[in-house]
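Enquirer: Residue numbers (full-length UniProt numbering): 1 to 356.
A virtual CB, placed ideally from N, CA and C, is assigned to each residue, including glycine.
Note that the structure is a prediction, hence the values are computed from the model and not measured.
What follows is the structure, encoded as structure tokens:
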């Protein structure tokens, strides 16, 4: 089973790179942020749907993960039903338009015109194709070697992409979803109701993502990220305060429990309306054309590594001191503020050919 999970992880990692790259390359600059944010929207809706499905399976199994349904245990059904979205994704991938830049690079200019006309509407196709061709004359197939820099190891823009990816995970967002049932139970919620609270958090996640989709092209990427960093840092600080009152395995006092619930949901809202969307948008557009593919691969790998580190370390950190664990996540949220201000470029409204 472990081998199949590794294979699934590799597949998800590949899909997470292809999505923002493809969207960034076919989307009109004026609407690219909103369209690229559909990647995160799909993720958060998937989380909510998976929680609903797991809730239903658990209910059918009598509330026990080892309970049986038609000869299989509940947890086996939870893993098995993932075949359905995987097959749907595979079938729908045939309808994805090829990148105009790729089509032009292989001499299929007429096909590129059709894609550009379909996604950008009434534009001067000759001028647009010429713009892409001019940008591609100095391009070549990117490799990891193209990302190297003699002074800092990697090119500065690649470090910025890695920083965005890592900060997105170091604030602990996946802890809220991976261990949500345990967190709710720690504030006094019974196991059956904890699934409801987890689903409620997913709805807040969706609402925040919709807010980001509305404002990412209006406010810009950097302002949205800064708002999110401040909101996440404050929310995590309140969560740390609330969990400082926890004693052993006893639930939190009523007042602190309420603060913890509000803080956790506020944290999810601020993340969803900022870093959840902004990072995927920026990873798809911040890199110059000639290194985009390789740089995206490095940034996405850093993101999944950071995700893995946070996920596997949380149980031990929580056993040691849950309050200080949230303090650590809050510190990362506040550290992301100077990172955004000083290093991250604004990409709102720029064509991909202008990057770099």
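Quick one: what's got a C-beta closer than 8 Å to residue 13's C-beta in the same chain, skipping five residues either side?
Expert: Correct list, in chain order: 300, 301, 304.
Enquirer: Residue 332 to residue 340, Cα distance in whole Å?
Expert: In a straight line, the C-alpha of residue 332 is about 12 Å away from that of residue 340.
Enquirer: Within a Cβ cutoff of 6 Å, which residues of the same chain sit near residue 27, ignoring the five residues on either side of it in sequence?
Expert: Cβ neighbours of residue 27 beyond the five flanking positions: 35.
Enquirer: Examine the Cβ distances between the segment 227 to 239 and the segment 261 to 280 and report whether three or more of them are shorter than 8 Å.
Expert: Segments in contact, yes.
Enquirer: Taking only three categories from DSSP, how would you classify residue 357?
Expert: One cannot answer for residue 357 here, as it falls past the ends of the chain, which runs 1 to 356.
Enquirer: Do residue 276 and residue 21 come within 7 Å of each other at the CB atom, strictly closer than that value?
Expert: No; because the gap between Cβ atoms is not below 7 Å, this pair is not in contact.
Enquirer: Examine the Cβ distances between the segment 161 to 173 and the segment 320 to 338 and report whether three or more of them are shorter than 8 Å.
Expert: A contact exists between the segment 161 to 173 and the segment 320 to 338.
Enquirer: Quick one: what does DSSP say residue 285 is sitting in, helix, strand or coil?
Expert: Note: residue 285 maps to helix in three-state DSSP.
Enquirer: Check whether the Cβ atoms of residue 220 and residue 342 lie closer than 7 Å to each other.
Expert: Contact flag unset, no.
Enquirer: Within 10 angstroms of the Cβ of residue 215, are there 16 or more other Cβ atoms? Answer buried if so, exposed if not.
Expert: The residue is buried, with at least 16 neighbouring Cβ atoms inside 10 Å.
Enquirer: Rounded to the nearest angstrom, what separates residue 338 and residue 345 at their Cα positions?
Expert: The alpha-carbon atoms of residue 338 and residue 345 are separated by roughly 13 Å.
Enquirer: Exposed or buried, which one is residue 16 when buried takes at least 16 other CB atoms within 10 Å?
Expert: Under this definition residue 16 is a buried residue.
Enquirer: Do residue 247 and residue 336 have their C-beta atoms closer together than 7 Å?
Expert: Contact flag unset, no.
Enquirer: What residues are listed by DSSP as bridge partners for residue 69?
Expert: 72, per the DSSP bridge assignment.
Enquirer: Can you have a look at residue 217 and say buried or exposed, based on whether 16 or more other CB atoms are within 10 angstroms of its CB?
Expert: The residue is buried, with at least 16 neighbouring Cβ atoms inside 10 Å.
Enquirer: Around the Cβ of residue 314, are there at least 16 other Cβ atoms within 10 angstroms (buried) or fewer (exposed)?
Expert: Classification of residue 314: buried, given that the 10 Å Cβ count is 16 or more.
Enquirer: So, is residue 252 buried or exposed, given that buried needs 16 or more other C-beta atoms within 10 angstroms?
Expert: When all chains shown are included, residue 252 counts as buried.
Enquirer: To which residues of the same chain is residue 61 closer than 6 Å at the C-beta, ignoring the five residues directly before and after it?
Expert: Around residue 61: 67, 69, 74.
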